[in-house]
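Undergrad: Just dropping this structure here.
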Amino acid sequence: MKRLVLIGLICITMVEMLQSQDPQFTQFYAAPLYLGPSFAGATIQQRVSTNYRRQWLAIPADYATFAFAYDYYFDKFNSGLGLMVMQDQAGAARLGTTYINALYAYDFKIFNTWHIRPGISFSYLRFNLNFNKLVFPDQIIRNNAPTTVEVPPARENRGDIDGSISGLVYNSRIWIGFTADHLLQPNLSFYGGKTLVPLKYSFYGGAKIINRGRLLKPADESVSVAYLYRMQGKYKQLDIGLYWFNPPFMLGAWYRGIPLLNSTRGDALAFLGGLKFPLFTIGYSYDFTISNLVNSTAGAHEISISYEFTTKRKKRIHAIPCPEF
1451 MKRLVLIGLI
1461 CITMVEMLQS
1471 QDPQFTQFYA
1481 APLYLGPSFA
1491 GATIQQRVST
1501 NYRRQWLAIP
1511 ADYATFAFAY
1521 DYYFDKFNSG
1531 LGLMVMQDQA
1541 GAARLGTTYI
1551 NALYAYDFKI
1561 FNTWHIRPGI
1571 SFSYLRFNLN
1581 FNKLVFPDQI
1591 IRNNAPTTVE
1601 VPPARENRGD
1611 IDGSISGLVY
1621 NSRIWIGFTA
1631 DHLLQPNLSF
1641 YGGKTLVPLK
1651 YSFYGGAKII
1661 NRGRLLKPAD
1671 ESVSVAYLYR
1681 MQGKYKQLDI
1691 GLYWFNPPFM
1701 LGAWYRGIPL
1711 LNSTRGDALA
1721 FLGGLKFPLF
1731 TIGYSYDFTI
1741 SNLVNSTAGA
1751 HEISISYEFT
1761 TKRKKRIHAI
1771 PCPEF
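Taking our numbering, the leading residue of the sequence shown gets 1451, the next gets one more, and so forth.
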C-alpha cells in the first residue's frame, strides 16, 4: 500500500509538471537564450553554449533536457542575433517537445553607465508522444473495477508556433529583467481539441555585492546574488542563490521553492561548481530534493558548457555582469 501511495504521489507530481511547467535549468544564466531573448548577443562577438539536465533518475520515467545555442553580436548595429534548439523528454512514454528559436535583441545606453536590451523571439515547437508506452491508473491499482480502453490519437506528433518578448536593464554591477513566454499559446492537444500552453512570466536579476581586487589584477574576486521567479498557470517557483568567483573557480548554492508554501513539487537545494576562463566556461550542478520526495527521486544532475570567440579584433562590448551559472 505504501508503494502504491508513493507511485501515486510521483504520478500526480509528473502530471502537474507536464501540464503547467516548462523545462527548467538550475544553471539558468548558463542558458541565457532560454532565459530571455534579451541575452542574444550578450558576448564579445560569438558564443556557442550547450546544456544538459537529467532529473529524477531514481524512477523509470525520468526527465531529460538538452539545449544547444549560438548567438552573435553586431557591434555596428548594437544588435544581437541567436538561434537555440532544445529538446525535452519526460515520462515512460517519452512525451517530448522540440523547440527551434530565433532571437533578436537591441542594446542601447539610457544613462552614463546603464543599458537596456529589449528582445523578441519566434519559435517552432514540435510535440511528440509514444502512446504505446503510456501506463494508466487501472494498470497499476487493481480494485476489481473493469479495465478501461484508451483510444490512441490519430497522430503522435504535432507542430505549432510561438513567441516571446523580454527586457533587460543593467550596468557593471546590477541587472534586472523579465520575460513573457508563450505569447501565441501553442496547442499541444493530440486529439484535435484545445490544450493551450499557459503563458509564462519570468522575473530575474542580481548584483555583485563584493568585488575585491589587487593592484595588478583589479576585480579579481567577486560574490554575486541572483534570483529567478517564474509563474506559469498555477505553477510558481522562486530560485535564489549566491555565487563566489575567484578565477578560474566558481562555486554557488541555490534554494528553489516558495517558502512556507506546501506543494507536492517540493523544495530543493542546488550546489554548483565550475571553471571559468576568459573564453571558456564549464559548470556542474546537483539538485537535492528536500520535500516529501527526498528518498524517491535521486535529485537532478546538470552540465553546462560555453565557449566565446571572435573572428577579428573587437572593441570592448558592454558585458552583462550576471554569473555564468
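All C-beta atoms in this analysis are idealised placements derived from N, C-alpha and C, irrespective of residue type, glycine included.
Check whether the Cβ atoms of Leu-1545 and Ser-1571 sit closer than 8 angstroms, and answer yes or no.
TA: The answer is no: Cβ separation not under 8 angstroms.
Undergrad: How big is the Cα-Cα spacing for Asp-1512 and Thr-1476?
TA: Taking the straight line joining both Cα atoms gives about 16 angstroms.
Undergrad: Where does Leu-1553 sit, in a helix, a strand or coil, going by DSSP?
TA: Strand at Leu-1553.
Undergrad: Rounded to whole angstroms, what's the CA-CA distance from Tyr-1502 to Gly-1613? Just pull it up for me.
TA: Distance between the alpha carbons of Tyr-1502 and Gly-1613: 23 angstroms.
Undergrad: Mapping the DSSP letters down to three states, classify Leu-1483 as helix, strand or coil.
TA: If DSSP states are grouped into helix, strand and coil, Leu-1483 belongs with the helices.
Undergrad: For Lys-1650, which option in Gly-1656, Asn-1661, Pro-1636 has the closest C-alpha, if you only look at C-alpha atoms?
TA: Of the listed residues, the one whose Cα sits closest to Lys-1650 is Pro-1636.
Undergrad: For Asp-1670, count neighbouring C-beta atoms within 10 Å of its own C-beta (all shown protein chains included) and say buried if the count is 16 or more, exposed if not.
TA: Exposed: under 16 other Cβ atoms inside 10 Å.
Undergrad: What's the gap between the Cα of Phe-1721 and the Cα of Asp-1737?
TA: Rounded to the nearest angstrom, the two C-alpha atoms are 7 angstroms apart.
Undergrad: Roughly how many whole angstroms lie between the Cα atoms of Tyr-1484 and Arg-1662?
TA: Straight-line Cα distance between these residues: approximately 31 angstroms.
Undergrad: Out of curiosity, what's the CA-to-CA distance linking Pro-1698 and Gly-1733?
TA: Roughly 11 angstroms between the two C-alpha positions.
Undergrad: Based on DSSP bridge pairs, tell me the residues matched to Thr-1629.
TA: DSSP lists Ser-1616, Ser-1652 as partners of Thr-1629.
Undergrad: Do Phe-1516 and Thr-1547 count as a contact pair if the criterion is CB distance below 8 angstroms?
TA: Not in contact: Thr-1547 and Phe-1516 (Cβ atoms no closer than 8 angstroms).
Undergrad: Roughly how many whole angstroms lie between the Cα atoms of Tyr-1705 and Ser-1499?
TA: Near 24 angstroms, if we compare the C-alpha coordinates of Ser-1499 and Tyr-1705.
Undergrad: Taking Gln-1537 as part of the beta strand (DSSP E), name the residues at either end of that continuous run.
TA: Counting along the chain, the beta strand (DSSP E) containing Gln-1537 begins and ends at 1529-1540.
Undergrad: In angstroms, rounded to a whole number, what distance separates the CA positions of Ile-1690 and Ile-1740?
TA: Roughly 15 angstroms separates the two Cα atoms.
Undergrad: Considering only DSSP beta bridges, list what Gln-1783 is partnered with.
TA: What is shown of the chain runs 1451 to 1775, which leaves residue 1783 out entirely.
Undergrad: From the DSSP secondary-structure annotation, give me the bridge partner or partners of Ser-1622.
TA: Bridge partners of Ser-1622: none, in fact.
Undergrad: Going by DSSP, name the residue or residues bridged to Ile-1560.
TA: None, per the DSSP bridge assignment.
Undergrad: Identify which residue in Thr-1731, Asp-1472, Ser-1529, Gly-1530 has its Cα closest to the Cα of Glu-1758.
TA: Checked all of Thr-1731, Asp-1472, Ser-1529, Gly-1530; the closest Cα to Glu-1758 is Thr-1731.
Undergrad: Candidates Asp-1557, Ser-1754, Asp-1610: which alpha carbon is nearest Leu-1638's?
TA: Checking every option, the nearest Cα to that of Leu-1638 belongs to Asp-1610.
Undergrad: Have a look at Ala-1630, Ser-1622, Ser-1756 and flag the residue whose alpha-carbon is nearest the alpha-carbon of Trp-1564.
TA: Selected option, being the one with the closest Cα: Ser-1622.
Undergrad: Mind checking whether Asp-1525 and Ala-1490 have CB atoms under 8 angstroms apart?
TA: It is not a contact, given that the beta carbons lie outside the stated cut-off.
Undergrad: I need the DSSP call for Ser-1674, collapsed to helix, strand or coil.
TA: Three-state DSSP puts Ser-1674 in a strand.
Undergrad: DSSP state of Phe-1489, grouped into three classes?
TA: Of the three classes helix, strand and coil, the one that applies to Phe-1489 here is helix, per DSSP.
Undergrad: Using alpha carbons as the reference points, say which of Ser-1735, Gln-1682, Leu-1531 lies closest to Met-1700.
TA: Nearest option by C-alpha distance: Ser-1735.
Undergrad: Can you check which of these residues, Arg-1608, Tyr-1679, Ile-1615, is closest to Lys-1644 by C-alpha distance?
TA: Lys-1644 has its Cα closest to that of Arg-1608, out of Arg-1608, Tyr-1679, Ile-1615.
Undergrad: So what does DSSP say about Thr-1714, is it helix, strand or coil?
TA: With a pLDDT of 49 at Thr-1714, under the threshold of 50, the modelled position of this residue cannot be trusted, and the question is left open.
Undergrad: Between Thr-1714 and Arg-1497, what straight-line distance do the alpha-carbon atoms span, to the nearest angstrom?
TA: Reliability of the predicted coordinates at Thr-1714 is poor, the pLDDT of 49 falling under 50, and no value is obtained from them.
Undergrad: Is the beta carbon of Ala-1555 closer than 8 angstroms to that of Ser-1488?
TA: Yes, these two residues count as a Cβ contact at 8 angstroms.
Undergrad: Looking at the strands, I want to know which residues DSSP matches up with Pro-1568.
TA: Gly-1617.
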